[in-house]
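What follows is a set of notes on a single structure, which appears directly below.
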Amino acid sequence: MKDIMIIVNPSSGRKKAEYYAEKMKKTFQKHNRNVAIKRTEVKEDISKFAEAAGAKKYKTLIVIGGDGTVSEAVNGLSNLKYRPTLGIIPAGTVNNIAKSINIPANPLEAIDQMVHFHEKKIDVGRINDRIFLSSVSAGPVPETVWEVSDEKKEKFGQAAYFMEGIKSLRDEKTYDVELTIDGKQFDIDLNLILVGVNSSIAGIPNFFNGAELDDGQLYLFGMKRSTIGQKLTVLQALLFSNEEFNDTQDIAFTVPFKKAVLTIKNKKTFTTVDGDQGPEFPIILEVLPQRFTFLVSNE
Numbered sequence: 333m334k335d336i337m338i339i340v341n342p343s344s345g346r347k348k349a350e351y352y353a354e355k356m357k358k359t360f361q362k363h364n365r366n367v368a369i370k371r372t373e374v375k376e377d378i379s380k381f382a383e384a385a386g387a388k389k390y391k392t393l394i395v396i397g398g399d400g401t402v403s404e405a406v407n408g409l410s411n412l413k414y415r416p417t418l419g420i421i422p423a424g425t426v427n428n429i430a431k432s433i434n435i436p437a438n439p440l441e442a443i444d445q446m447v448h449f450h451e452k453k454i455d456v457g458r459i460n461d462r463i464f465l466s467s468v469s470a471g472p473v474p475e476t477v478w479e480v481s482d483e484k485k486e487k488f489g490q491a492a493y494f495m496e497g498i499k500s501l502r503d504e505k506t507y508d509v510e511l512t513i514d515g516k517q518f519d520i521d522l523n524l525i526l527v528g529v530n531s532s533i534a535g536i537p538n539f540f541n542g543a544e545l546d547d548g549q550l551y552l553f554g555m556k557r558s559t560i561g562q563k564l565t566v567l568q569a570l571l572f573s574n575e576e577f578n579d580t581q582d583i584a585f586t587v588p589f590k591k592a593v594l595t596i597k598n599k600k601t602f603t604t605v606d607g608d609q610g611p612e613f614p615i616i617l618e619v620l621p622q623r624f625t626f627l628v629s630n631e
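In the working numbering, the protein residues as written are 333 to 631.
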């Protein structure tokens with residue numbers, strides 16, 4: 333069995349990702365670990381290298397990059413019988429996946445601490461035939477996420493998403509959704525659909541209050557047609573006081589589930605999956621309990 337493979341996206345972390353990879357290698361070598369670095373040139377390299385790490389039975393696979401890079405690596409491993417333990421050094425524009433498993437936001441802190449992290453089996457979600465680790469969403473705000481240009485990401489970082497998201501709050505269009513959750517069917521008009529694997533979504537640490545990394549459930553948040561003021565009221569309740577979230581139930585709701593089928597009947601609509609454009613509706617969502625092992629913070 334081989335020891336550690338590091339997959340690095342050189343364009344991540346404002347071009348510092350390669351420096352992080354070399355520092356990570358030296359840190360592990362001080363603990364007598366053998367490390368191989370694989371540098372990606374195109375997106376497809378990520379899943380190719382991850383699949384090779386599984387096929388060659390590497391003990392640990394460390395991904396340096398953002399949510400998109402981590403998601404590609406996990407999907408490269410998804411169909412393998414043997415899957416290495418995964419580690420993340422957050423170095424992308426958005427690092428929600430790393431944040432959800434308590435990885436320090438500062439890449440250098442994450443590198444220094446990773447040798448002391450412990451292994452934990454965590455749940456992931458599946459949308460049709462693809463794995464997701466953070467979220468699946470649809471609506472005006474998510475649509476702006478995958479429309480943000482690479483130039484804006486490079487110039488403004490995560491603020492680029494925030495700026496575009498604020499603009500979309502005025503959009504009051506709704507989707508005619510046919511929703512089947514764990515065998516129960518509903519028809520409902522929604523302005524925003526958001527499905528998460530654990531409590532942390534879009535940088536909000538307790539968006540799904542009480543959700544755990546390994547509780548065997550996914551979580552659906554739905555928001556009905558509402559004004560900007562009502563949307564901000566819901567967001568404030570989620571950010572600062574989940575106990576007051578019940579007061580917004582006529583506008584928004586949250587429900588846990590294991591499997592769901594969502595169909596949008598009135599328009600052609602695409603999802604956003606872990607921050608990138610995903611498949612078109614209809615979609616099948618299900619939880620895969622404790623499917624992957626990650627290195628997580630001891631805190």
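All residues carry an ideal CB built from backbone N, CA and C; glycine is no exception. Nothing here was measured: the structure is a model prediction, and the numbers come from that model.
query: Identify, in the order they occur along the chain, each residue of the same chain with its Cβ nearer than 8 Å to the Cβ of Ile277, setting aside the five sequence neighbours on each side.; result: With the chain running from 333 to 631 in the structure shown, residue 277 is simply not present.
query: Along the chain, where does the beta strand (DSSP E) that runs through Pro319 open and close?; result: Because the chain here runs from 333 to 631, residue 319 falls outside it and cannot be looked at.
query: So which of Asn364, Gly515, Lys597 and Asp461 has the shortest CA-CA distance to Val605?; result: Asp461
query: Given that a residue counts as buried once 16 or more other Cβ atoms are within 10 Å of its Cβ, and exposed if not, what is Ala592?; result: buried
query: Consult DSSP for Glu479 and reduce its assignment to one of helix, strand or coil.; result: A caution first: Glu479 carries a pLDDT of 49, below 50, which makes its placement in the model unreliable, though a value can still be read off. Coil.
query: For Ser531 and Phe624, I'd like the C-alpha separation in whole angstroms.; result: 17 Å
query: Given this structure, state the Cα-to-Cα distance separating Glu350 from Leu594, to the nearest angstrom.; result: 40 Å
query: Specify the secondary structure class of Gly386 as computed by DSSP and reduced to three states.; result: helix
query: Who are the near neighbours of Lys347 in its chain, counting only those whose CB is closer than 8 Å to its CB and skipping five residues on each side?; result: none
query: Under three-state DSSP, which class holds Thr372?; result: coil
query: Which of the three DSSP states is assigned to Thr512 in this structure?; result: strand
query: Using 8 Å as the Cβ pair cut-off and three pairs as the minimum, do the segment 363-379 and the segment 428-435 touch?; result: no
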